[in-house]
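Below you'll find the structure, written out as structure tokens, and then a few comments.
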Amino acid sequence: MRLKLNRHAEKIPYYPAAGGYNLPDGVALLASNECPDPPLPEVVAAAAGALQATNRYPDPSYLPLRQALAEHSGVDAERITVGNGSCDILLAIGAALLEPGTELVHAWPSFSVYPHLEAASGATAVRVPLDADHRHDLDAMADAINERTRLVIVCNPNNPTSTGVGLDAIRAFLARVPEDVVVLLDEAYIEFAEQYRPADSVPLLDEHPHLVILRTFSKIYGLAGLRVGYGLCSSTELVGAAARVRQPFTVSVAAVAAATEALRHPGEIGARIRQARESRTVIAGGLQELGIVPAASEANFCWFDLPVVDGRDAAEVEQRVIAGLREQQVLVRSGGALGRPGALRVTYGTPDENQRFLAALRAALS
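Counting from 1, one number per residue, gives the positions in the sequence shown under UniProt numbering.
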């Protein structure tokens, strides 16, 4: 007998776990935009020490981490919300705002979780195409807002295209958004950006009454496996809105301890940022030698269209190249799975992994 799902849940695609992480040592994991470096030893020690208290639930206020984030960002702890990865906060904000008859506006292609907000709530998503340079078309997004719009999402830098828009453009966009519409500025990759620094967007919280800046410990801090994200909010009302619809205790004591400790090591984090930017230069140069021009990356990954010759289908070329890379133990992300057949998204790895990728791509294209 067929399971009777609600009509909104039926719209959400289900992809069974493929066991892709049971991989042999030596595979270059360049598909998920993770940090190639393990957590700092002090961070590992903090997480391990917290395990002694796992017989108790975590403090649902996550106050030590929120206080550390307040010192780090300059935003009052009362206006900071913490979640099981930034997706947890994203989905909570969506659940609090969206319902049938309402709309959300976001760019496309963009982060693959955004369509889940539409499907789970029964709201309508207005997907605004990126511009010719794979960036957000903020003017078109502002034009798409109407009286039914509850939520607008700007992913900056954008996943999967790696591109970013400048602070002046975001400020001008916010000026066009009605005050009763919530804007979610998803800055998961902001530490890698060069157009503006993480601290530069914080003053925007005082320029729009319903702004949430989403950030994560999964990328530059190397804590993807612990799942910690946070939101800087214009008001405590937004913090409360997310709390109304979320489960309690979503962030473990180990994750809270690790994230709190990670904030105490800006020097090491700065070195990681510099390494990612060096990798960006190396990968871009290697791609250009192959006749490939990647999008202007502001993140820890790149996005590019594969060369299509002899009238071949773009999706066919993509799958052939991905198979060739896999044979060389290099895993990358399919553009077809992200809405653009014939494209690839590639995370910057260690210097050795970057060279392995370029060599494997050269062989796959030959």
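Backbone N, C-alpha and C define an ideal beta-carbon position, used for all residues, glycine too.
Can you find the residues in the same chain that come closer than 7 Å, C-beta to C-beta, to residue i, ignoring five residues on each side of it along the sequence?
| i | result |
| --- | --- |
| residue 354 | 279, 282, 283, 348 |
| residue 194 | 298 |
Compute the beta-carbon to beta-carbon distance between residue i and residue j, rounded to the nearest angstrom, for a pair I have assumed lies under 8 Å.
| i | j | result |
| --- | --- | --- |
| residue 259 | residue 65 | 6 Å |
| residue 273 | residue 192 | 6 Å |
| residue 102 | residue 176 | Contact doesn't hold; Cβ gap of about 19 Å is too wide. |
| residue 233 | residue 253 | Not a contact, Cβ separation roughly 24 Å. |
| residue 86 | residue 216 | 4 Å |
How would you call residue i, buried or exposed, if buried means at least 16 neighbouring beta carbons within 10 angstroms?
| i | result |
| --- | --- |
| residue 223 | buried |
| residue 4 | exposed |
| residue 301 | buried |
| residue 48 | exposed |
| residue 249 | exposed |
| residue 317 | buried |
| residue 313 | exposed |
| residue 88 | buried |
| residue 170 | buried |
| residue 408 | In the structure as shown, the chain begins at 1 and stops at 366. Residue 408 is therefore absent and cannot be evaluated. |
| residue 18 | In this predicted model, residue 18 has a pLDDT of only 43, less than 50, meaning its place in the structure is not dependable; the value taken from the coordinates is given anyway. Exposed: under 16 other Cβ atoms inside 10 Å. |
| residue 186 | buried |
| residue 239 | buried |
| residue 78 | exposed |
| residue 83 | buried |
| residue 342 | buried |
Let me know the secondary structure DSSP gives residue i once reduced to three states.
| i | result |
| --- | --- |
| residue 163 | coil |
| residue 367 | The question about residue 367 has no answer, for the chain in this structure spans 1 to 366. |
| residue 28 | strand |
| residue 375 | The displayed coordinates of the chain run from 1 to 366. Any statement about residue 375 would go beyond what the structure contains. |
| residue 81 | strand |
| residue 342 | coil |
| residue 129 | strand |
| residue 186 | strand |
| residue 43 | helix |
| residue 149 | strand |
| residue 220 | coil |
| residue 97 | helix |
| residue 89 | helix |
| residue 3 | coil |
Are residue i and residue j touching if we call contact CB-CB under 8 Å?
| i | j | result |
| --- | --- | --- |
| residue 122 | residue 99 | yes |
| residue 214 | residue 90 | yes |
| residue 158 | residue 188 | no |
| residue 109 | residue 340 | yes |
| residue 26 | residue 329 | yes |
| residue 162 | residue 34 | no |
| residue 291 | residue 307 | yes |
| residue 256 | residue 38 | no |
| residue 181 | residue 210 | yes |
| residue 293 | residue 202 | no |
Please work out which residues of its chain come closer than 6 Å, Cβ to Cβ, to residue i, disregarding the five sequence neighbours upstream and downstream, and give them in chain order.
| i | result |
| --- | --- |
| residue 92 | 242, 245, 246 |
| residue 31 | 331, 332, 333 |
| residue 69 | 80, 230 |
| residue 130 | 107 |
Among the residues of its own chain, which have a CB less than 8 Å from the CB of residue i, if the five just before and after it don't count?
| i | result |
| --- | --- |
| residue 378 | It is not possible to answer for residue 378, since the shown part of the chain is limited to 1 through 366. |
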